[in-house]
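Right, one structure below, let's go through it.
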Amino acid sequence: MHTNSPHYQEPFDLLNPNIDLHSSDFEKMDKLEKIQIEVSTGLEEALLEMEQLKKQSSSGESEKLLDLCKTNIFDTITSQFGLASLVIDSRDGGNVTTTHNFEKGITSNAVDSKKYEDFQSNNNGTKKWQDVRSETGYDSPLANLRKKAFQENEVIIDQYTGKPLPKDGRTHIDHVVSAKEIERNAATNLHLSPEERAKLATQDENLAFTSGPANQSKGDKSMDEWLDGEHKKSGGTNAKYFDIDKEKAKAVDQKARKEINREINKAAVKKYSKELLTTGAKDAAKIAAYSALGVIIRECIKAIFDEIKATFSKFGEESFKSIFKRFKSRIKITIETIKSNWKDTLSGSIEAGVTAFLSNIVVFAINLFATTLKRFVSMIRAGFVSLVQAIKILVSPPSNMTKEESRYQALKILTAGLIGAASLALTELIEKFLLSIPGIQPLMLFPLPSFGGEQRTVSDAIAVTLSSIAGGLLTTIVLYMMDSFRNSNKKAKLQIQMVYQSGVVVEYKIAQSWFALSDAYKYLEVKAHETKEVLAQTHKAISESHERIQNSKINRKNAMAALRNKLQ
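Read in our numbering, the sequence shown has 284 at position 304, and its numbers run on one by one without any break.
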């Protein structure tokens, strides 16, 4: 084959200084090698994971389900969905009395209950309004304020008409927002004392000079109600009869109401902040202590159950002394484990305390607009714990966890939280059932040591435990089904991936074979070229030898001829 043939390529020479000539070959070889490595690695991982899934036989899964039930039931009993709900006070309306609940007579403490009793007695006719007005002191400062105004001002202007008023008994000071309206407001009664309510009614923005007849006509009515109301004698509106400038009067009313609402809101924020901090701190301390105690209890009971199980499995093979020694050794190991994990326990306790504090705020926020019943409060608190844990794993998943896995784990946490919260709703039904059983009612009503203001009974503890068991069973089954379904899907995807990757591997093996054949053909082509060169050189050498032989013959003939001539 000639060297200038279009199919001929120079053999690859590592010593060739023109590296650019082979750069494309380098890139192709590098990409191919990387693809082959990725395919091989992916297939190896898929096969390994598939092998692990195959190991989970149906009999092993049944045993795993029983173990999960045992673990989850005990965890549920000792968690926020179980006995922890007895530690924190759960009452209708939450731990902080909101205005919304106060209007319905739902209060969270004795002080607010007393306020509601006074509020009711002052406004349902139990007490005469004039007595309430006098006791509270709504009118006490008015006489001195009017006298002072007469002394300091040359002219007194009617703030409703804009006209001058006489400096005598015909000029009155009106509560723009009436004292009765302030006294009948649930928010003022909840957040302000009687003295504070009186001060609120007599602040400058809520006092207006007007004529005596207009003041008496307005009475306890609101500004809009009075202005548009019918005057008894004239038949027209009060605004027309008293020559009221409605824009002036309404502006004075709006300013007064704005200031009153501002003061009420300030008092509400102060009261809410203080009570949220106090009740939240108490709940946080209780749940933090319970959380640490729960870890210790769980570890100890788990160790005891394991040893009991081992005792039954070896029944008759061990002496009592050996069993006691084994139990003692296991408890010692458990204590050492608890000691070594004290940092994790402390961290978990602090986290549980913070979560309890925040859940108290969530319950309060809901009660600003809607009243939560006692069991619903427990459900919100427990559900909030699951929500926080789910958000935590989504925002900051473990370093070895993929995003897809973190989302799945968050879904499992939320699912468990919803089931646990729903199981709390069964508590009250179970408790009523226990109290209805003849003969055991006295036992069910036996009081237990209380961690809060609410007295707990045996029926409380049993009802919570039974509902927790139900919740733990249901949670285990649902999560187990979720895992099984996910594993099935994952197994199917892995099989598809294996088939696909097998095809990719075959394609690359064919490509590798093609390249190997191509390299072989190139090698043969190079060898043929080299052989041709050798043959050409051999031919040249033979030609040169033949020429030398011919020349030698001629020289020999000439020498012989010369010799003959000499001999003759």
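We put the beta carbon where it would ideally sit given N, CA and C, even for glycine.
(1) What are the uninterrupted segments assigned as alpha helix (DSSP H) that are 4 or more residues long and contained completely in the stretch 79 to 138, given in chain order?
(2) Less than 7 Å between C-beta atoms, sequence neighbours within five positions excluded: which residues of the same chain meet that for Gln325?
(3) Give me the DSSP bridge partner(s) of Thr151.
(4) Ends of the alpha helix (DSSP H) at Phe292?
(5) Bridge partners for Thr437 per DSSP, in chain order?
(6) How big is the Cα-Cα spacing for Ile318 and Lys372?
(7) Hey, out of Leu547, Leu394, Thr351, Gly400, whose CA is closest to His80's CA?
(8) I need the boundaries of the alpha helix (DSSP H) containing Lys179, first residue and last residue.
(9) Check this for me: beta carbons of Ala178 and Ala248, under 8 Å apart or not?
(10) Check each candidate in Phe413, Arg306, Asn467, Asn340 and name the one with the smallest Cα separation from Ile288.
(11) What separation, rounded to the nearest whole angstrom, lies between the Cα atoms of Glu298 and Phe292?
(12) With DSSP run on the structure shown, which of helix, strand or coil describes Pro144?
(13) Between Leu543 and the rest of its own chain, which residues show a CB-CB distance below 7 Å, the 5 nearest in sequence each way excluded?
(14) In whole angstroms, give me the CA-to-CA distance for Asn340 and Lys392.
(15) Do you know whose CA, among Glu510, His171, Ala332, lies nearest Lys262's CA?
(16) Using a Cβ distance threshold of 8 Å, determine whether the stretch 175 to 191 contacts the stretch 250 to 260, with at least three qualifying pairs required.
(17) Go ahead and label Glu205 buried or exposed: buried means 16 or more other beta carbons lie within 10 angstroms of its beta carbon, across all protein chains shown.
(18) By how many angstroms is the C-alpha of Tyr503 removed from the C-alpha of Lys537?
(19) When DSSP labels each residue in this structure, what does Glu384 get in the three-state scheme?
(20) Per the contact definition of three or more C-beta pairs closer than 8 Å, is the stretch 94 to 102 in contact with the stretch 144 to 159?
(21) Which whole-angstrom value describes the C-beta separation of Asp154 and Ala188, a residue pair presumed to lie in contact below a C-beta threshold of 8 Å?
(22) Exposed or buried, Gln234, counting other C-beta atoms within 10 Å across all chains shown (16 or more means buried)?
(23) Which partner residues does Glu210 have in the DSSP bridge list?
(24) Taking contact to mean at least 3 C-beta pairs separated by less than 8 Å, is the stretch 212 to 219 in contact with the stretch 120 to 138?
(25) Relative to the C-alpha of Ala402, which residue among Gln139, Thr382, Ser366 is closest?
(26) What do you get for Gly630, buried or exposed, if any count of 16 or more other CB atoms within 10 angstroms of its CB means buried?
(27) Determine the closest residue to Thr259 out of Thr395, Ser302, Thr116, Phe337, with distance taken between C-alpha atoms.
(28) How is the alpha helix (DSSP H) around Asn347 delimited, first residue to last?
(29) Select from Leu425, Leu394, Ala443 the residue whose C-alpha is nearest the C-alpha of Leu409.
(30) Does the Cβ-Cβ distance between Ser191 and Arg126 come in under 8 Å?
(31) Secondary structure at Ser468, three-state DSSP: helix, strand or coil?
(32) Between Thr182 and Pro121, is the Cβ-Cβ spacing less than 8 Å?
(33) What's the C-alpha gap between Ile315 and Ile346?
(34) Given a cut-off of 8 Å on the beta-carbon distance, is the pair Leu256 and Val76 in contact?
(35) Since Leu170 is in the alpha helix (DSSP H), which residue starts that stretch and which ends it?
(36) In terms of residue numbering, what span does the alpha helix (DSSP H) encompassing Ala159 cover?
This is what the structure holds:
(1) 79 to 83, 90 to 103, 109 to 116, 122 to 132
(2) Per the sequence shown, the amino acid found at residue 325 is Thr instead of Gln. Here the set comprises Ala272, Val275.
(3) Ser191, per the DSSP bridge assignment.
(4) 226 to 293
(5) In DSSP, Thr437 forms a bridge with Pro427.
(6) 25 Å
(7) Thr351
(8) 174 to 181
(9) Not closer than 8 Å, so no.
(10) The candidate whose alpha carbon is nearest that of Ile288 is Arg306.
(11) 10 Å
(12) If DSSP states are grouped into helix, strand and coil, Pro144 belongs with the strands.
(13) Result list for Leu543: empty, nothing under 7 Å.
(14) 24 Å
(15) Ala332
(16) no
(17) Counting the other Cβ atoms within 10 Å of the Cβ of Glu205 gives fewer than 16, which makes it exposed.
(18) 50 Å
(19) helix
(20) no
(21) Right, their Cβ atoms sit about 5 Å apart.
(22) The residue in question, Gln234, is exposed, as its Cβ has fewer than 16 Cβ neighbours within 10 Å.
(23) Thr217
(24) no
(25) Of Gln139, Thr382, Ser366, the smallest CA-CA separation from Ala402 is found for Ser366.
(26) Because the chain here runs from -19 to 548, residue 630 falls outside it and cannot be looked at.
(27) Minimum Cα distance to Thr259 is reached at Phe337.
(28) Segment 322 to 347, the alpha helix (DSSP H) holding Asn347.
(29) For the residues Leu425, Leu394, Ala443, the minimum Cα distance to Leu409 belongs to Ala443.
(30) no
(31) In the structure shown, Ser468 adopts helical secondary structure according to DSSP, grouped into three states.
(32) A contact, by the Cβ cut-off of 8 Å.
(33) 43 Å
(34) yes
(35) 166 to 171
(36) 159 to 163
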